[in-house]
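S.K.: Handing you a structure now.
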Amino acid sequence: MWLYAGRRIVLTIPILLGVTIICFALVQIAPGDPIQNLLSPTATAQDAARLRAAYGLDQPLMVQYFIWLGKVCVGNLGMSISDNVPVAGEVLHAFVNTIVIALISVVLAFVVSMIFGVIAAYRTGSLADRLITAVAVFGISVPPFWLGVILVIFFAVDLSWLPATGMGASGSETFSYFRWADFKFAIMPIIALALPPLGIMTRTTRSSIAEILNQDFIQTLRAKGLSEAQVIVHAVVNIMPQAVAMLGLQLGYLIGGSVLVETVFTWPGTGYLLNKAVLTRDIPLLQGTILVLATAFVLINLVVDLAQSLIDPRLKRS
Amino acid sequence: MNAMTSPDLSQATPHPAPFLRVEDLRVKFVSRDATVRAVNGISFNLERGKVLCVIGESGSGKSVMMRSLLRLHPKKRTVIEGTMMVGEHDIGAVSDRAMTQLRGSLISMVFQEPMTALDPLYTVGDQIAETVRRHEGLSKEAAWARALELLELVRVPSPERRLKAYPHELSGGLRQRAVIAMALSCRPSLLLADEPTTALDASVQIQILVLLRKIQQEMGMSMIFVTHDLGVAAQIADQVAVMYAGRIIEYGNARDVLLNPQHPYTKAMLAATAKDQDRNLPLEAIAGNPPDLRALPDGCSFAPRCKYAGPDCIVTMPPPVTDIRGHMARCFKVEAADGPLAFDERVAEPA
Ligand SMILES: Nc1ncnc2c1ncn2[C@@H]1O[C@H](COP(=O)(O)OP(=O)(O)OP(=O)(O)O)[C@@H](O)[C@H]1O
Ligand SMILES: [Mg+2]
Chain A
0 MWLYAGRRIV LTIPILLGVT IICFALVQIA PGDPIQNLLS PTATAQDAAR
50 LRAAYGLDQP LMVQYFIWLG KVCVGNLGMS ISDNVPVAGE VLHAFVNTIV
100 IALISVVLAF VVSMIFGVIA AYRTGSLADR LITAVAVFGI SVPPFWLGVI
150 LVIFFAVDLS WLPATGMGAS GSETFSYFRW ADFKFAIMPI IALALPPLGI
200 MTRTTRSSIA EILNQDFIQT LRAKGLSEAQ VIVHAVVNIM PQAVAMLGLQ
250 LGYLIGGSVL VETVFTWPGT GYLLNKAVLT RDIPLLQGTI LVLATAFVLI
300 NLVVDLAQSL IDPRLKRS
Chain B
0 MNAMTSPDLS QATPHPAPFL RVEDLRVKFV SRDATVRAVN GISFNLERGK
50 VLCVIGESGS GKSVMMRSLL RLHPKKRTVI EGTMMVGEHD IGAVSDRAMT
100 QLRGSLISMV FQEPMTALDP LYTVGDQIAE TVRRHEGLSK EAAWARALEL
150 LELVRVPSPE RRLKAYPHEL SGGLRQRAVI AMALSCRPSL LLADEPTTAL
200 DASVQIQILV LLRKIQQEMG MSMIFVTHDL GVAAQIADQV AVMYAGRIIE
250 YGNARDVLLN PQHPYTKAML AATAKDQDRN LPLEAIAGNP PDLRALPDGC
300 SFAPRCKYAG PDCIVTMPPP VTDIRGHMAR CFKVEAADGP LAFDERVAEP
350 A
């Protein structure tokens with residue numbers, strides 16, 4: 000177990016290095032010259048060269064990479080060009096906004112999908128099964144930003160129940176999920192974020208539970224006198240390794256794919272930041288955001304793998 | 000008053016009511032495109048502490064019959080008719096709740112495949128303790144202590160360690176012992192063993208068999224033991240029932256059926272095994288195929304494969320013919336005129 004965990008953690012290091020290389024390379028490949036954006040139209044070639052040297056852009060690529068990597072390792076992601084504040088702080092703040100709402104959404108989707116999936120699998124072909132399948136298919140196929148817009152029109156514009164956008168009256172600095180005045184700003188983003196994973200996870204849970212219920216050991220459980228509720232608990236425990244993997248995957252998708260939803264709701268997270276960085280050609284900010292997101296993705300996978308090996312005894316000792 | 004008189008009564012009666020009574024059991028599976036008649040009128044009795052061996056080809060309905068006794072079939076698609084009395088419990092009539100309480104305590108089952116019969120995500124100890132706690136409401140510690148005793152009972156080496164093991168960490172033989180321990184955990188009165196040794200190595204088979212027989216005798220359980228293996232049947236059976244296409248076509252004391260078979264199917268089966276030295280071979284050596292259970296013929300279901308079959312054998316199913324010793328066969332050519340059953344191929348079928 001510890002051996003496996005240790006090996007898995009060590010194996011993560013080259014992946015993370017790969018992530019940094021790609022992040023670094025992305026910026027090199029990106030068209031356009033960031034220096035040109037900073038210069039006034041009247042600047043001379045010498046001004047350009049000076050500025051280039053000041054940002055270290057005149058060094059060979061390898062050197063640039065290692066200098067950059069060294070800074071990254073101590074948490075220095077450079078200064079954002081448009082706002083002239085440290086990228087690290089800006090990205091971190093946005094990342095917290097994103098990961099918290101993504102976690103809430105994915106956990107909510109997970110719990111509901113477990114309940115839906117179990118009911119649908121246990122009562123295959125029933126009305127409940129068909130209703131749940133309809134909800135799941137809706138969740139999978141509806142574009143989240145469209146859903147976001149519809150939610151805003153309905154709940155914010157027509158009914159005026161919920162605020163349309165932003166992160167609360169008090170601003171994102173003091174936002175608290177435990178304060179209703181703040182929390183209501185999060186409701187619609189959570190719904191928009193949770194629905195697609197809810198759909199996918201419901202389908203997966205339904206088919207996994209149905210598969211488990213067809214296995215021989217379920218008959219043993221019934222034969223020894225367990226109630227149907229107890230049998231279902233066994234079935235749910237048996238899909239947990241898969242379910243945790245699915246949860247991690249969906250969380251990864253959510254933090255990476257939140258651009259549209261965060262833009263619709265002006266939620267100041269990484270998706271919103273990415274959007275801003277691209278539109279303003281803020282390369283350090285873009286690079287920093289992608290790096291943090293990619294790293295988070297790798298770490299989520301690591302946690303999922305470790306959790307899986309903890310849950311599934313068949314993986315523990317191999 | 001009742002409590003005082005009933006023991007006297009049971010002693011006075013020469014034939015006490017049998018512990019297990021199955022009467023005209025019929026099971027069919029209904030689906031959109033076909034109805035599979037897996038069991039077509041089975042009747043037998045089994046007394047306390049006796050072993051009934053059920054033998055028959057693959058697909059003859061042995062497992063379906065066993066699962067019916069625990070009502071394990073999916074409710075929606077299954078139609079079960081007939082009477083099954085276990086002790087004073089009418090299996091067909093008890094509520095679902097009561098049925099879950101009978102399962103694992105009054106009646107237990109051991110399945111054919113030890114590799115897939117246990118939940119892979121729970122330890123062996125958890126799975127045994129779960130059964131005990133369910134039926135006897137013991138504390139967790141007491142249930143684990145019982146689980147340990149049970150593993151000792153079924154002769155699992157280093158049982159403390161095995162309690163904490165997961166099924167995939169055990170060999171097939173050990174897993175089957177764990178399954179047996181689980182089945183025995185609440186001292187059932189009736190053990191249903193559905194080919195418990197078929198999936199195991201020959202040497203392990205014998206160990207498990209001896210163990211089951213010994214425990215069965217010590218605990219005074221009744222047991223129904225399904226097997227393909229006539230050698231196994233000879234070793235442990237008090238009674239033998241031979242099934243064909245969902246019916247018992249021959250039934251009686253183990254000696255009568257195995258040494259003096261009367262039904263042509265039993266005869267052919269015994270002859271086929273005697274010729275082959277390998278007892279593990281399935282009983283497939285009789286020419287022809289078992290009938291299609293979706294469209295059973297009207298007459299004797301064995302007639303198409305029977306070398307003695309006459310024109311009338313395909314018209315009606317022969318009724319059971321029973322001699323004074325309780326040896327029964329369902330064949331027009333079997334008679335019990337004077338004493339034991341006798342097969343005579345010259346006997347004409349009824350017109
Ligand atoms: N749930 C079910 N639905 C439909 N048909 C079934 C079902 N269960 C069993 N059958 C059919 O009933 C017949 C008898 O099956 P059963 O498992 O009882 O045979 P068996 O005598 O135990 O054979 P084996 O020796 O191979 O275990 C088979 O044709 C099988 O296909
Ligand atoms: Mg079977």
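Just so you know, the protein sequences line up as chains A and B, in that order. Numbering that gives the first Met the number 0 puts the first residue of the first sequence at 0, with every later residue one more than the last. Numbering that gives the first Met the number 0 puts the first residue of the second sequence at 0, with every later residue one more than the last. By construction, the Cβ of each residue, glycine as well, lies at the ideal position given by its N, Cα and C atoms. Because the structure is a prediction, the values reported are computed rather than measured.
Given a threshold of 16 other Cβ atoms within 10 Å of its Cβ, counted over all protein chains shown, does S138 (chain B) qualify as buried or as exposed?
M.R.: It is exposed - the Cβ of S138 (chain B) has fewer than 16 other Cβ atoms within 10 Å.
S.K.: Considering V26 (chain B), what are the terminal residues of the beta strand (DSSP E) in which it resides?
M.R.: Run containing V26 (chain B): L19 to V29, per the beta strand (DSSP E) assignment.
S.K.: Got a sec: is the Cβ-Cβ distance from Y3 (chain A) to anything in chain B below 8 Å?
M.R.: Chain B, which has no Cβ nearer than 8 Å to the Cβ of Y3 (chain A), makes this no.
S.K.: Would you report the Cα separation of L280 (chain B) and N300 (chain A), rounded to the nearest angstrom?
M.R.: Model confidence at L280 (chain B) stands at a pLDDT of 49, short of 50, so the residue's coordinates are unreliable; what they give is reported in the following sentence. Rounded to the nearest angstrom, the two C-alpha atoms are 50 Å apart.
S.K.: Mind listing the chain A neighbours of E112 (chain B)? Cutoff is C-beta to C-beta under 7 Å, in chain order.
M.R.: By Cβ distance, chain A contributes D215.
S.K.: Under 7 Å from any heavy atom of ligand 2, does the C-beta of E194 (chain B) make it?
M.R.: It does: the Cβ of E194 (chain B) is within 7 Å (strictly closer) of some heavy atom of ligand 2.
S.K.: Cα separation between I254 (chain A) and A293 (chain A)?
M.R.: Cα to Cα, the separation comes out at about 10 Å.
S.K.: So L366 (chain B) contacts chain A; which residues on that side make the cut at Cβ distance below 9 Å?
M.R.: Coverage of chain B is limited to positions 0 through 350, which leaves residue 366 (chain B) absent and any answer about it impossible.
S.K.: Pull up the distance between the alpha-carbon of P289 (chain B) and that of E168 (chain B), whole angstroms please.
M.R.: Looking at the two C-alpha atoms, the distance is approximately 39 Å.
S.K.: Could you tell me the distance, in whole angstroms, from the CA atom of V106 (chain A) to the CA atom of A244 (chain A)?
M.R.: About 13 Å.
S.K.: Evaluate P188 (chain A) with the Cβ neighbour count: other Cβ atoms within 10 Å of its Cβ, from every protein chain shown; 16 or more gives buried, anything less gives exposed.
M.R.: Buried is the call here.
S.K.: Classify E112 (chain B): buried if its beta carbon has 16 or more other beta carbons within 10 angstroms, exposed otherwise.
M.R.: Label assigned to E112 (chain B): buried.
S.K.: Tell me the DSSP secondary structure of N44 (chain B) in three-state form.
M.R.: Residue state, collapsed to three classes: strand.
S.K.: Just the C-alpha distance for V239 (chain B) and T196 (chain B), rounded to the nearest angstrom, thanks.
M.R.: For V239 (chain B) and T196 (chain B), the distance between alpha carbons rounds to 18 Å.
S.K.: How would you call D181 (chain A), buried or exposed, if buried means at least 16 neighbouring beta carbons within 10 angstroms?
M.R.: D181 (chain A) should be labelled buried.
S.K.: I'd like the span of the beta strand (DSSP E) that includes N252 (chain B), first residue to last.
M.R.: It spans R246 to N252 - the beta strand (DSSP E) in which N252 (chain B) sits, taken as one unbroken run.
S.K.: So what's R345 (chain B) in DSSP terms, helix, strand or just coil?
M.R.: The answer is coil: DSSP assigns R345 (chain B) none of H, G, I, E or B.
S.K.: Within 10 angstroms of the Cβ of E148 (chain B), are there 16 or more other Cβ atoms? Answer buried if so, exposed if not.
M.R.: By the 10 Å Cβ count, E148 (chain B) comes out exposed.
S.K.: What number of angstroms, rounded off, separates the C-alpha of L38 (chain A) from the C-alpha of L314 (chain A)?
M.R.: Using only the alpha carbons, I get a separation of about 57 Å.
S.K.: Ligand 2 and Q111 (chain B): does the residue's C-beta get closer than 7 Å to at least one heavy atom of that ligand?
M.R.: Yes, the Cβ of Q111 (chain B) comes within 7 Å of a heavy atom of ligand 2.
S.K.: Within a Cβ cutoff of 7 Å, which residues of the same chain sit near H92 (chain A), ignoring the five residues on either side of it in sequence?
M.R.: Cβ within range, chain order: n/a, list empty.
S.K.: For the beta strand (DSSP E) that contains V432 (chain B), what are its first and last residues?
M.R.: Any property of residue 432 (chain B) remains undetermined from this structure, which presents chain B solely from 0 to 350.
S.K.: Between which residues of its own chain and T77 (chain B) is the CB-CB distance below 7 Å, once the five residues before and five after are set aside?
M.R.: Contacts found: V26 and F28.
S.K.: Whole angstroms are fine: how far does the CA of V109 (chain B) sit from the CA of T34 (chain B)?
M.R.: Going from the Cα of T34 (chain B) to the Cα of V109 (chain B) covers about 28 Å.
S.K.: Quick one: does Q100 (chain B) have its CB under 8 Å from some CB of chain A?
M.R.: Yes - at least one Cβ of chain A is within 8 Å of the one on Q100 (chain B).
S.K.: Can you find a CB in chain B that lies within less than 8 Å of the CB of R129 (chain A)?
M.R.: Answer no: the Cβ-Cβ gap between R129 (chain A) and chain B never drops below 8 Å.
S.K.: Identify the contact partners of H233 (chain A) in chain B, using a Cβ-Cβ distance below 7 Å as the criterion.
M.R.: Per Cβ cutoff of 7 Å: D118.
S.K.: Going by CA-CA distance only, name the one from B:D193, B:T115 and B:R145 that's closest to G171 (chain B).
M.R.: For the residues B:D193, B:T115 and B:R145, the minimum Cα distance to G171 (chain B) belongs to B:T115.
S.K.: Rounding to the nearest angstrom, what Cα-Cα distance links R132 (chain B) and A142 (chain B) in this structure?
M.R.: Near 6 Å, if we compare the C-alpha coordinates of A142 (chain B) and R132 (chain B).
S.K.: Kindly indicate if chain A contains any beta-carbon less than 8 Å away from that of H227 (chain B).
M.R.: It does not: the Cβ of H227 (chain B) has no partner Cβ on chain A nearer than 8 Å.
S.K.: At which residues does the beta strand (DSSP E) containing T269 (chain A) begin and terminate?
M.R.: No beta strand (DSSP E) holds T269 (chain A); the alpha helix (DSSP H) holding it covers T269 to L278.
S.K.: Can you list, in chain order, the residues of its chain whose CB lies under 6 Å from that of A177 (chain B), leaving out five sequence neighbours each side?
M.R.: Cβ within range, chain order: V123.
S.K.: Taking only beta-carbon positions, decide if R51 (chain A) is within less than 8 Å of chain B.
M.R.: It does not: the Cβ of R51 (chain A) has no partner Cβ on chain B nearer than 8 Å.
S.K.: Name the residue from B:G91, B:G86 and B:I54 whose alpha carbon lies nearest to the alpha carbon of H72 (chain B).
M.R.: When each option's Cα is compared against that of H72 (chain B), the closest is B:G91.
S.K.: If you draw a straight line from the alpha carbon of I289 (chain A) to that of V232 (chain A), how long is it in whole angstroms?
M.R.: Distance between the alpha carbons of I289 (chain A) and V232 (chain A) is about 40 Å.
S.K.: With hydrogens ignored, establish whether the beta-carbon of A209 (chain A) is closer than 7 Å to any heavy atom of ligand 1.
M.R.: No; taking the cut-off as 7 Å, the Cβ of A209 (chain A) has no heavy atom of ligand 1 nearer than that.
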